[in-house]
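All remarks here apply to the structure that follows.
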Amino acid sequence: MGTYDLYANDPAAPLWRVPATGAARFTWEYDDGRDRLLALYQKGKDKQWDGRTRIDWDLEVDPYDALGTPEEAMSLYGTRHWDKLSERDKGELRRHYASWQFSQFLHGEQGAMICAARIVESAPDLDAKFYSATQTMDEARHAEIYGRFLHEKMGLLYPVNDDLQSLLGDTLRDSRWDMPYLGMQVLIEGLALAAFGMIRDTTNKPLPHQILTYVMQDEARHVAFGRMALRDYYRQLTDAELREREEFVIEGCHLMRDRLRGVEVLENFGIPKTEAAEISEQSEFLRLFRKLLFSRIVPCVKDIGLWGERLQRAYADMGVFELGDSDLDRLMAQDEELADRLDAERFAAEERERVAEVEATIESGATED
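The sequence shown begins at 15 in my numbering and counts up one residue at a time.
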């Protein structure tokens, strides 16, 4: 069964063609680079892993409760529609919400893979090209993993959300070489990291917890890369050039905020689009969720030097201005530590199982004697 047989809604054309602009840049300097980026490149090589073996795909997933989502977290909860739902309907709603979320993760990872490849092509410095090559592989692995989860465990996918597609298109069409960094590494990756983290830290289901923990270990490096490269470059720009990029960030943040409503899901349950948007906007849980999702973006934008008055006002209007003081380095270090800890716990559990099997075999042989 192909992917098109599993889409909840028609994804329309099988290919989305985005006209490429900008120059491919070659450099003939092969023995010079920033130590921080070269160290990150080395880390990117050392940390490569195989999604087929590191993740335990034998773990069962109930598609009607894939993430352990409580009723209060669903936007229909407390509305007149909720009381009309049977327990079967509620399970189906959970399936659609989880599939919608992970489908957007999947589409975002494909976008990240393409943007990383564009950075390899357009970045002027070899150290940035080196690191982006490792990131391209990381993003391919993430798309592979999310695609497998949706195909094998959920049996349902959603097309790319219009707002996510719009931001991806804006990022890829811009001819300036730094825009794939800004659109993908800072905005889309920053938002994804926060979304991954919120699900990772709240789900009680082992397979999605594993997937998100390991993906976030990679993503922490990607955001660090974007911060390093853009911070260096933006120190050289004029005020007018910085304002142009701040406008891009403001527009991108509005698109990302609007992306998170899941209106498509409610429409598939018979709720008109306008009412579905109102329900999602009024949901207390989704309101908190949307705010927390900017916990990775706002401090990163501030760190790279985009912190003009208009941008600050936009963040104040969105209610996320105070997130600019978040400790991003601590969050990223935690993402990497959690993945290492999960590996250690899984290894210890597997070792205990092997020891128990050996002891049982020895005991069985002694009894037979």
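For every residue, glycine included, the Cβ atom is placed at its ideal position computed from N, Cα and C. Remember, it's a predicted structure, so these values are computed and weren't measured experimentally.
Close Cβ partners of residue i (< 8 Å) along its chain, the five nearest in sequence each way excluded
i, result
"R39", "E135, S136, A137, P138 and W191"
"V32", "L182, G183, L186 and R187"
"G58", "Y145, T148, Q149, D152 and R235"
"F210", "F119, L226, V229, M230 and E233"
"D343", "none"
"R162", "G65 and W71"
Close Cβ partners of residue i (< 6 Å) along its chain, the five nearest in sequence each way excluded
i, result
"A337", "Looking at the sequence itself, residue 337 is Leu, so the reference to Ala does not match. Correct list, in chain order: F308, S309 and V312."
"S146", "A130, I133 and V134"
"T217", "L81, G82 and H223"
"W114", "Y172, G276 and V279"
"T41", "L140"
"M270", "L205"
Local conformation of residue i per DSSP, three classes
i, result
"L52", "helix"
"E207", "Here residue 207 turns out to be Leu, not Glu, going by the sequence shown. Looking at L207 - three-state DSSP - the assignment turns out to be helix."
"Y91", "coil"
"L29", "coil"
"L256", "helix"
"E201", "The amino acid at residue 201 is misidentified as Glu; the sequence shows Leu. L201 falls in the helix class under three-state DSSP."
"L171", "strand"
"Y21", "strand"
"L251", "coil"
"L306", "helix"
"A370", "helix"
"A37", "coil"
Outcome for residue i when other beta-carbon atoms lying within 10 angstroms are tallied against a minimum of 16
i, result
"R355", "exposed"
"Q199", "buried"
"R102", "exposed"
"V229", "buried"
"M67", "In the sequence under discussion, the amino acid at residue 67 is Thr, which differs from the Met named in the question. Exposed, by the Cβ-count rule."
"L73", "exposed"
"I318", "buried"
"V315", "buried"
"V369", "exposed"
"V174", "buried"
"R249", "exposed"
"A142", "buried"
"I376", "exposed"
"P28", "exposed"
"L302", "exposed"
"A328", "buried"
"F361", "exposed"
Residue i: CB within 7 Å of a non-hydrogen atom of the ligand SAM
i, result
"G16", "This structure does not include the ligand SAM; it has no bound ligands of any sort."
Cβ neighbours of residue i in the same chain (closer than 7 Å, five flanking residues each side left out)
i, result
"L352", "T227"
"R366", "none"
"K6", "The structure shown has nothing for residue 6, since the chain only spans 15 to 383."
"R214", "H223, L226, T227 and M230"
"P390", "Past the edges of the chain, shown from 15 to 383, lies residue 390, and the structure says nothing about it."
"L207", "M230, E233, V237 and R310"
"H95", "I285"
"A291", "R275 and V277"
Range covered by the alpha helix (DSSP H) that runs through residue i
i, result
"A126", "E101 to S136"
"T185", "D176 to R187"
"G1", "This structure does not reach residue 1, given that the chain is present from 15 up to 383, and the question cannot be answered."
"Q62", "Where Q62 is concerned, there is no enclosing alpha helix (DSSP H), given that its DSSP letter is neither H nor E."
"T288", "K287 to Q296"
"T148", "L140 to R162"
"E281", "V277 to E281"
"D192", "First-last for D192: undefined, no H or E at that position."
"P77", "Premise fails: P77 is in no alpha helix (DSSP H) and is neither H nor E."
"P458", "The chain is shown from 15 up to 383; residue 458 falls before or after that span and cannot be answered."
"R327", "E323 to M332"
Are three or more beta carbon pairs between the stretch 102–115 and the stretch 154–172 nearer than 8 Å?
yes
Using a Cβ distance threshold of 8 Å, determine whether the stretch 149–157 contacts the stretch 78–93, with at least three qualifying pairs required.
no
Cβ pair count under 8 Å reaching 3, the stretch 317–332 against the stretch 252–263:
yes
At least three beta-carbon pairs within less than 8 Å, the stretch 335–350 to the stretch 230–246
yes
Counting beta carbon pairs with one atom in the stretch 242–252 and one in the stretch 45–62, are three or more of them shorter than 8 Å?
yes
Taking one C-beta from the stretch 152–161 and one from the stretch 116–127 each time, how about it: are there three or more such pairs within less than 8 Å?
yes
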